[in-house]
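J.: Chains as they are written, first to last, in my numbering: chain F, 98 to 515; chain C, 98 to 515; chain Y, 98 to 515; chain U, 98 to 515.
In this text, a Cβ means the ideal position worked out from N, Cα and C, and glycines have one as well.
There are 4 protein chains.
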Amino acid sequence: MDNKYQKLIDWRREFHKCAETGWLEFETTIKIIKYLRYFGYEVKYGKEIHGERMGLPDMDIIRKHRETIKEDADFDISEILDGYTGAVAILDTHKEGPVIAMRFDIDANAIEESKDEDHRPNREGFASRNTNAMHACGHDGHIALGLAVAEELVKEKHHLSGKFILIFQPAEEGVRGAKSIVESGMLKDVDYLISGHIGLGAEKNEVVCGTTGFLATSKLDIYFEGKPAHAGANPEAGKNALLAACSCALNLHTLTQFGSGMSRLNVGVLKAGTARNIVPHKAYMEIETRGENEDVNSLLLQKVHYIIEGSAKSFDVKFKIVESGGAPAYNNCDKNFIDELIQVLTKKNIKVTTGKSLGASEDITHMMNEVEKNRGKSVYLMFGTKLAAPHHHNRFDFDESVLSLAYDAFLEIIRSLL
Amino acid sequence: MDNKYQKLIDWRREFHKCAETGWLEFETTIKIIKYLRYFGYEVKYGKEIHGERMGLPDMDIIRKHRETIKEDADFDISEILDGYTGAVAILDTHKEGPVIAMRFDIDANAIEESKDEDHRPNREGFASRNTNAMHACGHDGHIALGLAVAEELVKEKHHLSGKFILIFQPAEEGVRGAKSIVESGMLKDVDYLISGHIGLGAEKNEVVCGTTGFLATSKLDIYFEGKPAHAGANPEAGKNALLAACSCALNLHTLTQFGSGMSRLNVGVLKAGTARNIVPHKAYMEIETRGENEDVNSLLLQKVHYIIEGSAKSFDVKFKIVESGGAPAYNNCDKNFIDELIQVLTKKNIKVTTGKSLGASEDITHMMNEVEKNRGKSVYLMFGTKLAAPHHHNRFDFDESVLSLAYDAFLEIIRSLL
Amino acid sequence: MDNKYQKLIDWRREFHKCAETGWLEFETTIKIIKYLRYFGYEVKYGKEIHGERMGLPDMDIIRKHRETIKEDADFDISEILDGYTGAVAILDTHKEGPVIAMRFDIDANAIEESKDEDHRPNREGFASRNTNAMHACGHDGHIALGLAVAEELVKEKHHLSGKFILIFQPAEEGVRGAKSIVESGMLKDVDYLISGHIGLGAEKNEVVCGTTGFLATSKLDIYFEGKPAHAGANPEAGKNALLAACSCALNLHTLTQFGSGMSRLNVGVLKAGTARNIVPHKAYMEIETRGENEDVNSLLLQKVHYIIEGSAKSFDVKFKIVESGGAPAYNNCDKNFIDELIQVLTKKNIKVTTGKSLGASEDITHMMNEVEKNRGKSVYLMFGTKLAAPHHHNRFDFDESVLSLAYDAFLEIIRSLL
Amino acid sequence: MDNKYQKLIDWRREFHKCAETGWLEFETTIKIIKYLRYFGYEVKYGKEIHGERMGLPDMDIIRKHRETIKEDADFDISEILDGYTGAVAILDTHKEGPVIAMRFDIDANAIEESKDEDHRPNREGFASRNTNAMHACGHDGHIALGLAVAEELVKEKHHLSGKFILIFQPAEEGVRGAKSIVESGMLKDVDYLISGHIGLGAEKNEVVCGTTGFLATSKLDIYFEGKPAHAGANPEAGKNALLAACSCALNLHTLTQFGSGMSRLNVGVLKAGTARNIVPHKAYMEIETRGENEDVNSLLLQKVHYIIEGSAKSFDVKFKIVESGGAPAYNNCDKNFIDELIQVLTKKNIKVTTGKSLGASEDITHMMNEVEKNRGKSVYLMFGTKLAAPHHHNRFDFDESVLSLAYDAFLEIIRSLL
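1. Is the region 142-153 of chain C close to the region 262-277 of chain C, with three or more CB pairs under 8 angstroms?
2. Mind the definition here: the region 372-386 of chain F touches the region 365-373 of chain U only if three or more C-beta pairs lie below 8 angstroms; say whether that holds.
3. Determine, using beta carbons only, whether residue 405(U) and residue 319(U) come nearer to each other than 7 angstroms.
4. Here's the rule I'm using: 16 or more other beta-carbon atoms within 10 Å means buried, otherwise exposed. How should residue 440(Y) be labelled?
5. Quick one: which chain Y residues come within Cβ less than 7 angstroms of residue 410(U)?
6. Quick check on residue 373(U) - is its C-beta less than 7 angstroms from some C-beta in chain F?
7. Taking any Cβ of chain Y, which residues in the region 377-400 of chain F have a Cβ under 9 angstroms from it, in chain order?
8. Looking at the C-beta of residue 353(C), does it have a partner C-beta in chain U at a distance below 7 angstroms?
9. Would you say residue 140(Y) faces chain C, with C-beta separation under 7 angstroms as the test?
10. Identify every run of the beta strand (DSSP E) within the region 297-332 of chain F, keeping only runs that are complete inside it and at least 3 residues long; order them along the chain.
11. Who are the neighbours of residue 143(C) on chain F, taking C-beta pairs under 9 angstroms?
12. Going by CA-CA distance only, name the one from 481(Y), 352(Y), 118(Y) and 229(Y) that's closest to residue 297(Y).
13. By alpha-carbon positions, which one of 316(F), 507(F), 117(F) and 378(F) ends up nearest to residue 328(F)?
14. For the ligand FMN, is there any heavy atom lying closer than 6 angstroms to the beta carbon of residue 283(U)?
15. Who does residue 206(F) pair with in a DSSP beta bridge?
16. Report the CB separation of residue 201(F) from residue 243(F) in whole angstroms; it is logged as a contact under 8 angstroms.
17. State yes or no: is the C-beta of residue 303(U) within less than 7 angstroms of the C-beta of residue 450(U)?
18. I'd like the list of long-range same chain contacts for residue 408(C), defined as Cβ closer than 8 angstroms, with 5 residues on each side in sequence excluded.
19. I'd like the span of the alpha helix (DSSP H) that includes residue 504(F), first residue to last.
20. Return the chain-ordered list of same chain residues with a C-beta closer than 6 angstroms to the C-beta of residue 497(Y), the five sequence neighbours on each side being excluded.
21. Who are the neighbours of residue 333(F) on chain C, taking C-beta pairs under 7 angstroms?
22. Identify whether residue 408(C) lies in helix, strand or coil by the three-state DSSP scheme.
23. Give the DSSP-derived three-state secondary structure of residue 440(F) in the structure shown.
24. Excluding the 5 residues preceding and the 5 following residue 180(Y) in the sequence, name in chain order all residues of the same chain whose CB lies nearer than 8 angstroms to its CB.
25. State whether the region 282-292 of chain U contacts the region 384-398 of chain U, with contact taken as three or more CB pairs (one from each stretch) at a distance under 8 angstroms.
26. Could you check how far apart the C-beta atoms of residue 500(U) and residue 222(U) are, in whole angstroms? I think they sit under 8 angstroms.
27. My output table needs one value for residue 174(U): the three-state DSSP class, helix, strand or coil.
28. Determine the direct distance from the alpha carbon of residue 170(U) to that of residue 247(U), and round the result to whole angstroms.
29. In the DSSP assignment, the alpha helix (DSSP H) including residue 419(C) goes from what residue to what residue?
30. Could you pull out every unbroken beta strand (DSSP E) segment of at least 3 residues lying fully inside the region 126-195 of chain Y, listed in chain order?
31. Determine, using beta carbons only, whether residue 344(U) comes closer than 7 angstroms to chain Y.
32. So with CB distances below 8 angstroms, who are the chain Y contacts of residue 348(U)?
33. With 7 angstroms set as the bound, which would you pick, yes or no: does the beta-carbon of residue 98(U) sit closer than that to a beta-carbon of chain Y?
34. Three or more C-beta pairs closer than 8 angstroms, one from the region 198-215 of chain C and one from the region 482-492 of chain C: is that the case here?
35. According to a CB-to-CB cut-off of less than 7 angstroms, which residues of the region 307-338 of chain U neighbour chain Y?
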């Protein structure tokens, strides 16, 4: 296990260095596939593991990032370099048994990692090599965890039954990637789905089992397009997209009073206009909604659509709404199933709590809902550890001993399900 | 003429006393008809002189005012008491000659006349007997002028040729009545239309001949209707008409930049909501637009409609737009015709100027456009006098000698056209 | 008890008939005082029981209502007729013992009672005689309850100890009256405060003991005053209070997202402008805020003040904020005290539940906080009954047997505290 | 003259190639100085010809552009490379006579020149070598004109009297540079100021003499700064600069109704926020105002300031207003002086018209007002020519024969003033 722990740390740091943001996990994906193939897995990747990808970066960003990739491979990486990132490793024991899926998210944040010398990744030489990309949420640890579990399952293969599906999911940040994987059909026959996250609301050395309180959320990009005109000479000929956007932003922020549950709305970014003396004909907004439950978020979304359409109508401009991310709520877990898992972990002297609410969004809920819709069961774990700074902070780092904790929890749960 | 002058003053004061606002000129109309019939005119009134009436008061206001009317008549006044006010006197000489129409507006303002003792109508006992109704624009003088001209034409009948149509028009305030009269077809064969106004931009004792610069204008009442809900318990169930109206009012006020001519927009009244703790489901707005020319006002109106519709859409409420008034622009007069009239007046030692712009709206433009469309000619005069206070002020009053000036000008012009 | 029950019903119906809204409870107060004096109480009323009265109606409304009052009295009622309504009955046993205060609210709602024949108050002849005033919340029952308890206490006087303060509070609707009573100092030495409400969240025949979840709330009237100007001729000379109010209303509604607890804001009424063609120089808004706790409501209020001030600044208009109502939050009760009371009631075979949240506002919280600040204890009860329609509905009515239940609960609790 | 015409064309094309935008006319300025020194002028440049520079680009833009400059010089160019661009050439005849100033603006537009093959600058090889900088307004022609006039004046030196000041002004676009030059004191003793523009409202081959109708204008950059917060977790901790900007933009657009003259306002650019899930704490707006006269623009500006301050207050954010450009109105010219000049030009068979209104803004008005304030006289000419596309279009080009016309007009006027 010492050896295993060292491997977990090495992998975590290897992937911390090549941090890549959602749908751009080119090097990350290629490296993961190489490991998985080396372990002996059948690996699916590229278009075959995807449906529709939300929140894909512009083609020229993809192209630019592609040019930086030097990673060589003896398999076809062209689809990966088109943004079909992530990989799914399958181990079929060909013995009667359950289908167990696991999910590890692999993308980094669009954050410039701190250059502070006392930030450990700098001190110990594993900081991100990429500008404006940093594993500030712990997904590097998730990759390491996934690889270690994958390697161990192969080793134990002859003692195992059923089928294992290890999903290395791209683009969790912005809640974009899970839906695409679900749409590939990959999760149709899954009996159990295990996933989890380092840090978050768990206490150090503690595993939270059966997390709920995932908020429903939607991420929308909104475009208004009007008509330019000289603001001095003939302003009446213009169709003002800036005013449409401003009115829209203000009106959207009036929508968040719900008796049926907490809701949130944020217009996070607004860009409009081209020049001081031109009636602005283009505007762009990035917004998000959240709801304590599915009903709140969908009613909120309906109201959002009315306001966008109405604002466009008001200023006689065109509009376009692009869904660039989103995840459903997840509030109830199968109490019996969770209780069984708690017993399994407790027996192995792992400190477990339950009943914790995430109070945020995670696109794993797409997968959990898919599995449960088909009568499968799912669990989301939180692995407590000491954080150097909060998630998404440019000095985020974690106590790597949590990787062992997560590794043990995953394997004990898997073994108990067979 | 001394006798004539006294009559002008008497009539003016008689009608000043019974001031009635637009579409409620019940007593006023009945009295006018009585005089006209007494002079010997064939008088048309009621439905036969009207098309669609804009900005009609609510039925219960009409009913309430009807109850105050004690004026007796030996003709059927039922349509008058339904708000078909005004009268048209016709004198047909049955001799070859032009059809000459004249227009005198008869309605008062919704203003409470000053109770100040030094306000002459109080001092000399001819102040308005009606609450919230006052001749503060001089239309009482116009009625007197019309009656005096009518009486004189009958006297001169045997020296005259052609046909005379004297229109006593209701509801000029709010630019509502002229369109209804035009729609009756009354002005179809008119060769000449003469009208005018006391005061305005004319200097004392001066007649302005050939006024232009009449702004196009529209008066709209806007209704939003949403859905009430308890603001604490389930605000999301409400559809907020107050916010729709507020967003609408702000957005409407962004519309007035036109390279092609001056424009104006005013949201003059906004009333919304029923109680502090109820999501407001009703809102009402009174707005007006103006344009230096027809194109400006119609493009502005189109933009206004977009914003009303868009605001309703935004907050998922219903809307209704009621046109409660309006008049077209009038910017060009027939220079040759005006020059002839100037000569006529000048010869009679009447001081005349021309080229003055009204810079406001008057619904006579409906009639002027109608007449000119059919190749007739029209003139709008302003009769200069000393005003005690500006038009629409609760201490408005005028030097009554202007009535003689106007009377002379009218008759000289009429005689010159035969 | 049969006799007592009949009295409860008679009183409830007597006061239902003379329903009067907040600060106008003239007849109601005089009648209550007469009963209390008849029972033998020392009764305080008028200015001596009041501090500053929030949300007082305009003086001419007070004057108008005063003229309708025919109730005769052998005590000075002039202060009552000035709006110092309500009464406080004091029974001092002059024996060592606790000071026990009770509160009964006495005002009606500004609702026109249903004229439906099948609405019981109509059928049985006790509907409100006053227009736009109806006991649609059950305060008529509270008065009856207070009188019955008062009468009984006098009867039991020789078996009692300590001091009793029975507060008949005006203007609970709009959360206005309690603060004024508290400011009189009346509650300074109170050891126990008992109060409650018919209906609300309680099941039929059940008493809820120890209600919490009272929302903090503030009711504000906002006035903007700018400068009128002719909207066509010189709009730039105007200072637009309507636009200030519209911008204010929209911006206020963007304020309700709080991570620290639920919040609410409603602009319930907005009236602005005088005429279509005048730049509107006056605007008036009625708003309310709510917060799950005191911190949420006070931070929200601070933000509300910024927006009101900023909106006035933006359009260069003056503003005035009048606090017309308000009540603090109340979230925690003294668990031990409540448990004792539950035992008391249970022993007497009264069905009791606890742990219910009001989820609304009640100005009793002013009193509860005052008493608890001085180390006293307080309890708020809900008395379950069948309602004919929801509170504040024009067909509201309740099963009068609840009056017995409330009466018993009050007396048992009082007896247990001695 | 053929030779002169060829030179005019050569110079125009040389400067068209090195198009540089306002305050970045590094190469342009150095080249102009070299020519002027070569002709024999005393040339002032750098800080000595400047006061405060409005609308200076960010320091790193200046630095970046500086790095592209290869132009060598035997004089100190360090201040020029700090953005103190432009040059003033002085020719003192040391003979009694008037001080005659001329102004030639030298900056290009921030426009990417068309790559179309049939765009003449491409076809004939003199298109702009710089990205996003193009002489799309004809200032390249103005430089050529200035140089040609400068060369000729030296040649004629011994026949001339008085003093000549030739101002090659930077940053006319965005109306930024003239004020800085005026503040240097350069124009204090000027008797005559001559300037003009190619194209605009003049007919081909015609000179417009005595242009008026220059609109007053102000260019403002507005910054709002609030406080970021997580939009899901604790939105109430944020101070929303985006909503402040949106409310500001909408409210600003309600300001343009003036009875006292045309006004304009445009919020041309708005950028706010950093990320979808962060309460936006920064916002930036570029706006401009215009007024038919000085009073309109200054009253408008005052109202603009109120709204900016009020919007900041409303959302509790800080604000900063940076004046990045501006020019006063200029509506009246010295009719006698203009008439004299018209005679001068007409005598030389130059087709002249007068009474044309610019209907736009030009910062020459700073200079004209300065000269006239000190009892000097000024004239603004327009030189008619055929344009390939409107001013500020990426295919703008002009018939270069206009350069001769302008050259002749300048010299005839100068000679007439001595």
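T.: According to the data block:
1. yes
2. yes
3. yes
4. exposed
5. 403, 406, 407 and 410
6. yes
7. none
8. yes
9. no
10. 303-306, 309-311 and 313-322
11. Within chain F, no residue comes near residue 143(C); the closest Cβ sits about 43 angstroms away, beyond 9 angstroms.
12. 481(Y)
13. 378(F)
14. The model on display carries no ligand, and the ligand FMN is accordingly not part of it.
15. 231(F)
16. 3 angstroms
17. yes
18. 321, 341, 342, 344, 345, 348 and 416
19. 499-514
20. 106
21. 354, 355, 356, 357 and 396
22. helix
23. helix
24. 120, 121, 150, 153, 154 and 159
25. no
26. The pair is not a contact, with the Cβ atoms about 19 angstroms apart (cut-off 8 angstroms).
27. coil
28. 20 angstroms
29. Run containing residue 419(C): none in the alpha helix (DSSP H); it sits in the beta strand (DSSP E), 415-424.
30. 139-142 and 184-189
31. yes
32. 340, 344, 411 and 412
33. Note on residue 98(U): pLDDT 47, under 50, position unreliable in the model; no value is reported.
34. yes
35. 330, 331, 332 and 333
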